[in-house]
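Numbering (the working numbering), first residue to last: 1 to 262.
Here a beta-carbon is modelled for each residue, glycine too, at the ideal position from N, C-alpha and C.
Quantities reported herein were computed from a predicted structural model and do not represent experimental measurements.
Only one structure is covered here, and it is reproduced in the block below.
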Amino acid sequence: MRAKLVLALSSIAAVLFISSVISIIEYSRMSDYVSRSLLEDMERNDAAENLADACRKYNLTILSFVGAADSLTVVNEDRRAASLADCDTASILFNRIAVGDFADSVLYHYNDYISMSMQLDSVIVSDFIDTRAWYFDALQPHYNDLLRWVRVYEEEINTHLMRSADDFENGFYRGIIPGIVVTGAGLVMIFLLLFFLLIFYVSPLRRILSQLDAFNKGGIKKYTVEFDSEDELAALNQGVKDLADENIQLKRKIRSLKKDDE
């Protein structure tokens, strides 16, 4: 009996433990993957925004030179160099962490825009080129293309973020479903164990107790409970039966002695 109970309880414990481990591992793996993916996407999005902001400031700096019609030959090189340095820093960071074809397109249009902006010095000193026309007709379209591709790249990142969120949700269900399944299986096994205890333990004990009560009260003359098994419960029943038979024999001897005395 003890071996059967230990086996049943050990099986339930093993199933619950294995399922819990599987759920924890699956959820942890998916959580790490999604967290890492979300962090990388946010860093790439920030890098794209920083590049766009740096180029916007650089473009406004060039516009301020173009707008100074009375002093076009006096260009604040330090301010322009600082703005250009910020653009280069942002582009280096973007190039280091950005991935995908759209990222390559952003860098291509960035280099194209910077290359066109380098013509500012020659445009300013030229007597044949209208500075404002050069800015709005030549430089600004390159800048607009750069911003457009930055937005396209950010949309790609947002799409990937949505997929990551969906993966996280799916991973959550993949992690929790084994737990739900094993909980259901555990409940079924508990009910089976309860059924086993009722059929093979509680019910036989009640039979034994009922027979003993009837035997002690004289309702029956002989203890008749039998078990086909060879476990501890059967051994206990056999011991009770032997005691009941000995009791019957003892009563017979007592009655025989009483008759002899009479």
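Test: L236 CB closer than 9 Å to a CB of chain C: No chain C appears in the structure shown, which is made up of a single protein chain.
Option in L146, V123, D127 and W134 with minimal Cα separation from S91: When each option's Cα is compared against that of S91, the closest is L146.
Classification of S117 by the beta-carbon crowding that lies within 10 angstroms, buried from 16 upward: The residue in question, S117, is buried, as its Cβ has 16 or more Cβ neighbours within 10 Å.
Q238 versus L205, F196 and Y108, residue with shortest Cα-Cα distance: Nearest C-alpha to Q238: L205.
Close beta carbons around N45, own chain, < 7 Å, minus the five adjacent residues each side: Close CB contacts of N45 within its chain, under the 7 Å cut and outside five residues either way in sequence, are with E154 and I157 (chain order).
Within 9 Å, strictly: CB atoms of L139 and Y108: No, these two residues do not count as a Cβ contact at 9 Å.
Candidates D130, S37 and I25, of which the one nearest T159 by Cα: Ranking D130, S37 and I25 by Cα distance to T159 puts S37 first.
Alpha carbon of F94 to alpha carbon of L51, nearest angstrom: Their Cα atoms are separated by approximately 7 Å.
Unbroken stretches of the alpha helix (DSSP H), 4 residues or longer, contained in the stretch 191-222: The stretch 191-222 contains these whole alpha helix (DSSP H) runs: 203-216.
Selection from D104, A47, S11 and S35 that minimises the alpha carbon distance to D166: Out of D104, A47, S11 and S35, S35 has the C-alpha closest to the C-alpha of D166.
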